[in-house]
Structure formats: C-alpha cells, structure tokens
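Peer 1:
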Amino acid sequence: MENQDYFLLIWRNCYIRGIIKEHLDLYKANYKVFIRSREELLSFQNRDYITTLVYDIIEEVLINDIPPSVKTLIFGNRFNKVIEPNTIPGSVKHLVFGTHKIRIVDKYGNFHSKYNQDLNIGSLPVGLQSLDLGNSFNRQLKRGHIPMGLVELKLSNQYNFPLEPHIIPPTVKKLTLGRYFNHPIKKGDLPDLLELSLGENFDHPLRPNLLPTSLKVLTLSYRFNQQIKELDFPPNLHTLRFGYLFNQPLKEKDIPRSVTSLELGGAFNHPIKKNIIPSSVTVLKLSKNFNQPLLPLSIPSSVTLLDLGNDFDQPLKEGLIPSGVKFIRLSERFNQIIKKGYIPNTCETLAFGFSFSKTINRGVLPTSIKTLTLGGSFSQDLEKGVIPQGITELRFGLKYNKPIKKDSLPSSLKYLIFGVSFGQPLTQGSIPHNVEYIYFGNSFNQPIKKNDLPPNLKKVIFSNCFTQPLFQDHLPQSLETLVLPTRYKLPLDLPSHIKVIKGDTF
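Sequential numbering of the sequence shown, starting at 2, is according to the numbering used here.
1) Since Leu238 is in the alpha helix (DSSP H), which residue starts that stretch and which ends it?
2) Report the rounded CA-to-CA distance for Ser409 versus Gly430, giving the unit in angstroms.
3) To which residues does DSSP link Arg396 through a beta bridge?
4) Please confirm whether Glu281 and Val260 have their CB atoms less than 8 Å apart.
5) Three-state secondary structure (DSSP) at Asp133?
6) Whole angstroms are fine: how far does the CA of Pro279 sit from the CA of Leu383?
7) Does the separation of the CB atoms of Cys348 and Pro323 fall below 8 Å?
8) With distances taken between CB atoms, is the gap from Leu295 to Phe328 smaller than 8 Å?
9) Using CA atoms only, rank isn't needed, just tell me which of Leu491, Phe203, Asp453, Thr487 is closest to Gln469.
10) Comparing C-alpha positions only, which one of Gln228, Phe234, Ser124 sits nearest to Phe269?
11) Would the segment 172-190 count as touching the segment 204-215 if we require 3 or more Cβ pairs under 8 Å?
12) Cβ atoms of Asn139 and Ser157: under 8 Å apart, would you say?
13) So is Pro345 buried or exposed if we call it buried at 16+ other beta carbons inside 10 Å?
14) Rounded to the nearest angstrom, what separates Val97 and Ile75 at their Cα positions?
15) The beta strand (DSSP E) that contains Glu264, what's its start and end?
16) Within the segment 449-487, note down every full beta strand (DSSP E) run reaching 3 residues or more, in order along the chain.
17) Is it the case that the Cβ atoms of Gly91 and Gly150 are separated by a distance below 8 Å?
18) Let me make sure I understand the geometry here. Which of Val71, Gly77, Asn65, Lys72 has the alpha-carbon closest to that of Ile58?
19) Sorted by chain position, which residues of the same chain lie with C-beta nearer than 7 Å to Ser479's C-beta, five sequence neighbours on each side aside?
20) So, at 6 Å on beta carbons, what are the nonlocal neighbours of Lys407 in its own chain, with the 5 sequence-adjacent residues on each side left out?
21) Tell me the residue span of the alpha helix (DSSP H) that contains Leu42.
22) Using a Cβ-Cβ cut-off of 8 Å (strictly less than) and excluding sequence neighbours within five positions of Gly145, which residues of its own chain qualify?
23) Less than 7 Å between C-beta atoms, sequence neighbours within five positions excluded: which residues of the same chain meet that for Leu375?
24) Count the other CB atoms, across all protein chains shown, that sit within 10 Å of the CB of Ser422; report buried if there are 16 or more and exposed otherwise.
25) By the DSSP assignment, the beta strand (DSSP E) with Asp308 in it spans what residues?
26) Below 6 Å CB to CB, which residues in the same chain sit around Val284 once its five sequence neighbours on both sides are set aside?
27) Three-state secondary structure (DSSP) at Glu153?
28) Using the DSSP secondary-structure output, state which residues sit across from Val218 in a beta bridge.
29) Helix, strand or coil for Gln447, going by three-state DSSP, please let me know.
30) Rounding to the nearest angstrom, what Cα-Cα distance links Ile256 and Glu231 in this structure?
31) Any idea what DSSP makes of His24, helix, strand or coil?
32) Whose CA, out of Ile361, Leu265, Leu120, lies closest to the CA of Asn311?
33) Using only the alpha-carbon positions, how far apart do Gly200 and Thr53 sit?
34) For Leu142, which of helix, strand or coil comes out of DSSP?
35) Given a cut-off of 8 Å on the beta-carbon distance, is the pair Asn226 and Phe247 in contact?
36) Count the other CB atoms within 10 Å of the CB of Gly364; is the residue buried (16 or more) or exposed (fewer)?
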C-alpha cells in the first residue's frame with residue numbers, strides 16, 4: 002500500500018482526524034509565544050506546542066526549560082546569563098539574542114540586547130541553522146563555539162576580534178560582520194561563503210585570494226574606501242554593493258566581469274567612462290551623490306534596471322540610456338527637459354524623482370511604459386497623448402492638483418494613485434473605463450456624482466479628509482471594496498457585496 006493510501010485511510014477515521022486537528026490547532030494557537038519569566042514558561046499550559054519562543058528573562062536557562070517543540074528561540078534584550086551546554090534543545094534551528102520588540106535604550110538612544118557572556122563548546126545546539134548574536138556580544142570566539150551545521154551567522158555589532166581559520170564553521174554560507182568589526186581579513190579566515198557583509202567600520206585593503214572563491218554576494222562596509230582591482234574579488238561574484246563612503250575613481254577592469262548587479266553606494270562621484278561598468282551588469286544603481294554627465298556608452302547595453310541615485314541632475318541625450326533598459330528611476334533631484342528618444346522604447350517602468358517639474362510633451366514617453374510615477378513636484382496640465390497608451394499604472398506625486406481632462410489618461414489604465422494635494426472635482430468620463438483601483442490622497446473631499454467613477458472599478462480608497470455622502474447609484478456595480486477614513490460617520494446604504502473598510506490613510 003502506498004504512503005498516500007495510508008494517509009487517506011487514517012484521515013478518513015473521524016476520531017483520529019479529530020485528534021490531528023486538535024493538535025494542529027494547538028500548534029497554530031501557540032506558534033509564537035512571548036514569555037517574561039522562567040516561572041511563566043514552566044507553568045504555560047501548552048508549552049509543548051510552542052514553535053517560536055520570545056524569552057525575555059533575566060534568570061539563567063536550565064536544562065529542560067525550553068520545550069523541545071521550539072524551533073525559533075529569541076532571547077529578549079534583558080537576557081545576559083551564561084548558557085551552559087545542553088540547555089538549549091536540539092530542536093532549535095534559529096537563535097537570536099535581542100529583539101526590537103523589547104526595547105532597552107542606551108545613552109545614545111540605540112536599542113540593543115545586553116547579552117555578552119562567554120560561549121562554551123555545547124552552549125549552542127548542534128542542529129542550529131542560523132545565529133544572530135545581537136548587539137553587545139564581544140567575547141572572543143574560538144574553534145568549536147559555533148556548531149557545525151550552521152548556515153547563517155550574524156556577529157554582534159560590538160564584536161571586534163580578529164578572525165582566525167576554523168572559528169567560523171565550514172558549513173556557514175552567509176556571514177554578516179558587526180558594526181564595529183575592523184580587522185584585516187587573512188587568507189583562510191573565511192569558509193566557503195556564498196554571501197558576505199562586511200559591517201560598517203571595516204576599511205582594509207582587499208587582496209587577491211583573501212575572499213573565498215565560492216563567494217557570490219559581497220556587501221562592503223559603510224566606511225570602506227580602498228582602491229580596488231578585479232583580482233581582489235573572487236571569480237564567481239555576481240552581486241557587489243559598495244558602502245556609503247566609497248569614493249575611489251574606477252578604471253576599466255576594476256569591477257569583475259562576473260558581476261551582474263552593481264550598487265555604487267552613497268559618496269561615489271567620479272566620471273564613469275566606457276567599459277568601466279562591465280557588459281555583464283544587468284542591475285546598475287548609481288550612488289546617492291553621483292552627479293556626473295552620462296558619457297556615451299558608459300552604461301552597457303546589458304543593463305535592464307537603472308537607478309540614477311539621489312543627486313543626479315544632468316541633461317540626457319538620445320542613446321545615453323541604452324536600448325534594453327526596462328526599469329528607470331531618475332534621481333530625486335533630476336529636473337531636466339525630457340525629449341523623444343531620451344527614454345528607450347524598451348522601458349516598462351519609469352519613475353521621476355521628487356524635483357521633476359518640467360512639462361512633458363506629447364509623444365515623448367515611449368508606448369512601452371506600463372508603470373509611470375510622476376514625482377512629488379510635477380504639477381503640469383496633462384493633454385491627450387502625454388501619458389501614452391499601454392500604461393496600466395499611474396502614480397501622481399505630492400503636489401499634483403490639476404483637473405483630470407477627459408481622454409487625458411489612456412484607456413489602458415487600471416491602477417490610478419493620486420497624491421496628497423489632489424483635490425479636484427471629478428467629471429463623467431475623466432477616469433478611463435478600465436480603471437480597477439483608485440487611491441485618493443488626503444486633500445480629496447469632492448462629491449461623488451453618478452458616473453464619476455469608472456464602470457469597472459473594483460476598489461477605491463478615500464483618505465482622511467473625505468466626508469462626502471456616498472449613494473448606491475453613484476457607485477459602479479463592479480465595486481468590491483470601499484475604504485473610508487475612520488472618522489467617516491455618514492450612513493451608508495450599499496449592496497451587500499461591497500466590503501467596507503474603515504482605516505486611516507494618507
């Protein structure tokens with residue numbers, strides 16, 4: 002008899018099925034439990050059904066205190082006791098010291114955990130898969146303290162001892178160093194990692210063969226500002242993220258040819274010439290401070306996602322953004338004229354930043370765009386054809402408060418989001434018939450007349466200032482969900498199929 006047949010035979014037994022359901026309900030009800038004392042845990046009625054235990058105690062942990070059902074154990078910020086061997090059961094797969102839900106504030110206003118005790122061999126269970134050592138732990142780790150089998154390790158923010166071979170087990174694939182770690186990495190210190198994050202203070206030169214050849218994702222620290230060369234990086238690296246302070250000029254072949262995702266951090270502000278960004282890169286995020294003119298062919302044709310950072314405000318020209326880019330986010334400070342051809346006809350998502358307020362002429366935006374965000378300062382009249390056919394999602398920014406003219410929005414539109422300032426009255430047919438979702442911002446408080454809302458509308462959200470009466474025959478029959486502000490007190494006489502939700506939105 003197959004296993005499936007055994008299962009069906011058992012499941013059809015009503016008595017056994019009832020017992021199974023009872024146990025499943027208990028596991029569900031006690032999936033995550035918050036306990037503040039050892040006595041409370043020992044007397045907890047369904048302690049053997051706890052799966053995730055948030056244990057905010059100041060007492061020591063004794064053998065058998067933690068029930069063997071627990072898979073995720075989170076010690077609260079108050080806990081700071083030595084953990085003796087075998088006190089944490091082997092069922093625990095994920096262990097965290099400290100939680101933001103229990104807040105202890107230091108003199109600098111930081112939330113952190115207090116745990117800072119020596120670990121012994123056996124303090125941590127052999128079956129552990131992930132370990133987060135919190136904020137305060139700063140005891141030197143030795144070989145055997147971290148159990149074999151661990152896959153993910155996050156050292157504490159305070160941990161600042163040099164790494165040595167074999168301290169981190171060879172099974173660890175993802176390693177995050179703490180905020181204050183700032184020691185050179187030597188050959189053999191790191192196991193065969195797949196992902197490495199170098200914390201915040203690490204600022205030592207990288208050299209060939211220091212990083213494991215298995216590494217695929219590397220996040221350099223906030224303060225890292227060293228010159229780099231291609232051979233400093235492992236051959237299979239595909240994601241490279243620079244920290245905020247990195248501001249070294251880049252030369253051809255400095256970035257490995259294997260990298261497909263590149264983030265240049267915050268401070269980087271040097272010209273990018275042809276071939277500096279390798280042709281393997283598909284995701285390119287320029288730095289927050291980057292404000293250099295884009296040079297011809299500086300962005301390779303392989304790029305499909307382009308993020309121009311925060312400060313970029315240089316004129317664009319046709320061809321500077323290559324054909325093939327599907328996602329473009331222009332910077333928050335970008336406020337340059339856009340002409341036809343500047344945005345390639347492969348672009349599907351285009352987001353203007355907060356500062357953009359230039360007039361967009363008809364035919365400038367390509368018909369390939371599906372999602373368009375117009376940015377916070379944009380407040381220009383929209384004529385027919387400015388927003389191209391094909392767009393399905395349109396987001397207006399903070400300041401937009403112009404009347405919506407009939408046929409100014411494309412018939413392809415399905416999702417329409419107005420910003421905080423929009424407060425214009427609607428007119429029949431101004432919103433295309435195919436729109437299914439509308440969000441009105443905090444300034445909208447206009448009467449809703451018959452046929453103001455499109456006939457295919459499924460969900461509409463009115464924000465906090467809306468106080469107008471709503472009548473059944475003024476709402477489309479297709480409407481399924483109506484969201485109103487909490488303070489909306491007018492009586493409603495609506496069809497039963499419309500779900501009404503009260504909640505504050507902005």
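Even glycine gets a Cβ: it sits at the ideal position worked out from N, Cα and C. The model shown is predicted, which means the values in this text are computed figures rather than measured ones.
Peer 2: Well, looking at it:
1) Counting along the chain, Leu238 falls outside any alpha helix (DSSP H), and DSSP gives it neither H nor E.
2) 10 Å
3) Thr374, Ile418
4) Position check: residue 281 holds Ser in this sequence, whereas Glu was assumed. Cβ distance < 8 Å, so Ser281 and Val260 count as in contact.
5) strand
6) If you take the alpha carbons of Leu383 and Pro279, they lie about 39 Å apart.
7) no
8) Not closer than 8 Å, so no.
9) Closest option to Gln469, Cα to Cα, is Leu491.
10) Gln228
11) yes
12) yes
13) buried
14) 5 Å
15) Element bounds for Glu264: 262-264.
16) 460-462, 482-485
17) no
18) Gly77
19) Pro456, Asn457, Leu458, Lys459
20) Taken in chain order, the residues that qualify are Gly430, Ser431.
21) 39-43
22) Ile122
23) Phe353, Arg396, Phe397, Gly398, Tyr401
24) buried
25) 306-308
26) Contacts found: Ser262, Leu306.
27) The three-state secondary structure of Glu153, taken from DSSP, is strand.
28) DSSP links Val218 through a beta bridge to Glu196, Thr240.
29) Gln447 falls in the coil class under three-state DSSP.
30) 5 Å
31) Only weak support exists for where His24 lies, its pLDDT of 44 falling under 50; the value from the coordinates is given anyway. Three-state DSSP puts His24 in a helix.
32) Leu265
33) 28 Å
34) coil
35) yes
36) exposed
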